[in-house]
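Numbering (our numbering), first residue to last: 62 to 329.
As structure tokens, the structure follows; a few thoughts come after it.
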């Protein structure tokens, strides 16, 4: 007679796991402790937003997740579960698109670098140019586009890669309030439909609460996690959510936490 054990539930690993992550810049007496230590998991399909005062290290952490810089201590593990997909893509605050390439060529560029075939690259770039409302501008160069359109190009280029993880570093910070709200709404619709894992850095509590499943509040430098809050608002959401009293109450609660950090945080 053999012993049997009941089936154990399958453990789901987080898409991103950061363990005791720190980052220092410089050396000796000039060393700046910019970040950490931070322990932070992001679940598969989660839209996680990081907020904090200028200079707290939130963008530094995002770049460490992207592999653009190495942590001074600790480790970041990213689960890459589908070899047919790109592990991650990043959207920068300053667009990061090539001024000498057309909208179509910019969106197609990442696909070509990733080895996607010509026909599929053309189809994907066309799809995302259309989804971002840029079809009539596909042959234009960035100099002929508004700031909001350039950021749409950057988002289309990242989304066309169909990454398992999308990293966004204050992508709407340079836009005026109207364009910012329009792009928030577009991103909200896209990510709710695709259920993509997103790590989004912003200095705006309102933006974080509109977009995120979870908001992580960081301290002044060296940035540490003060609080992680699950956003209680049901999906699908629209930007009209910001006018509700529940939204205002949660925003006020987090601002009370953040206010002291902004006061002591110093310059970016």
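Ideal Cβ placement from N, Cα and C applies to all residues, glycine included.
Residue(s) in a DSSP beta bridge with residue i
| i | result |
| --- | --- |
| residue 103 | 77 |
| residue 142 | According to DSSP, which records beta bridges pairwise, residue 142 is partnered with nothing at all. |
| residue 248 | Looking at the DSSP assignment, residue 248 forms no beta bridge with any residue, so it has no partner. |
| residue 260 | 109 and 228 |
| residue 93 | 86 |
Contacts around residue i, its chain only, beta-carbon distance under 6 angstroms, and the 5 residues preceding and following it disregarded
| i | result |
| --- | --- |
| residue 171 | 218 and 222 |
| residue 114 | 281, 322, 323 and 326 |
| residue 296 | 253 |
| residue 220 | 189 |
| residue 234 | 154 |
| residue 79 | 99, 101 and 137 |
| residue 127 | 151 and 228 |
| residue 246 | 300 |
| residue 214 | 158, 164 and 167 |
| residue 236 | 208 and 209 |
| residue 248 | none |
| residue 124 | 130 |
| residue 81 | 98 and 135 |
Limits of the unbroken alpha helix (DSSP H) element including residue i
| i | result |
| --- | --- |
| residue 186 | 179 to 192 |
| residue 270 | 266 to 272 |
Where the beta strand (DSSP E) through residue i begins and ends
| i | result |
| --- | --- |
| residue 288 | 286 to 291 |
| residue 159 | From DSSP, residue 159 is part of no beta strand (DSSP E); its letter is neither H nor E. |
| residue 337 | Nothing can be reported for residue 337, as the shown portion of the chain is limited to 62 through 329. |
| residue 150 | 149 to 152 |
| residue 275 | 275 to 279 |
Neighbourhood of residue i by C-beta, 8 angstroms cutoff - its chain only, sequence neighbours within 5 removed
| i | result |
| --- | --- |
| residue 63 | Residue confidence is low: residue 63 scores 47 on pLDDT, short of 50, so the model does not pin down where it sits. Its coordinate-derived value is still stated next. Contacts found: none. |
| residue 294 | 270, 302, 307 and 308 |
| residue 291 | 274 and 275 |
| residue 284 | 95, 96, 97, 99, 113, 117, 118, 119, 121 and 122 |
| residue 65 | In this predicted model, residue 65 has a pLDDT of only 48, less than 50, meaning its place in the structure is not dependable; the value taken from the coordinates is given anyway. Cβ within range, chain order: n/a, list empty. |
| residue 256 | 106 |
| residue 320 | none |
| residue 143 | 225 |
Own chain residues within Cβ distance below 7 angstroms of residue i, not counting five before or after
| i | result |
| --- | --- |
| residue 267 | 303 and 312 |
| residue 263 | 110, 112, 231 and 269 |
| residue 316 | 266 |
| residue 181 | none |
| residue 201 | 163 and 164 |
| residue 133 | 83, 84 and 85 |
| residue 103 | 75, 76, 77, 109, 258 and 260 |
| residue 288 | 278 and 318 |
| residue 198 | 164, 206 and 210 |
| residue 204 | 160 |
| residue 242 | 300 |
| residue 286 | 99, 101, 277 and 279 |
Proximity test, Cβ basis, 8 angstroms: residue i and chain B
| i | result |
| --- | --- |
| residue 204 | Looking for chain B here will not work: only one protein chain is present. |
> Going along the chain, which unbroken runs of the alpha helix (DSSP H) with 4 or more residues stay wholly within the region 107 to 135?
Replying inline: Listed in chain order, they are 119 to 127.
>> Any contact between the region 204 to 211 and the region 128 to 148? By contact I mean 3 or more CB pairs, one from each, below 8 angstroms.
In response: No, because fewer than three Cβ pairs between the region 204 to 211 and the region 128 to 148 fall closer than 8 angstroms, the two stretches do not touch.
> Touch check for the region 89 to 107 and the region 146 to 154: three-plus C-beta pairs under 8 angstroms?
Replying inline: Between the region 89 to 107 and the region 146 to 154, the count of Cβ pairs shorter than 8 angstroms is below three; the stretches do not touch.
> Fully enclosed by the region 198 to 242, which beta strand (DSSP E) runs are 3 residues long or longer?
Replying inline: If one requires a minimum length of 3 residues, the beta strand (DSSP E) runs lying completely within the region 198 to 242 are 226 to 230, in chain order.
> Does the pairing of the region 176 to 190 with the region 150 to 168 give three or more beta-carbon distances under 8 angstroms?
Replying inline: Yes: at least three Cβ pairs fall under 8 angstroms.
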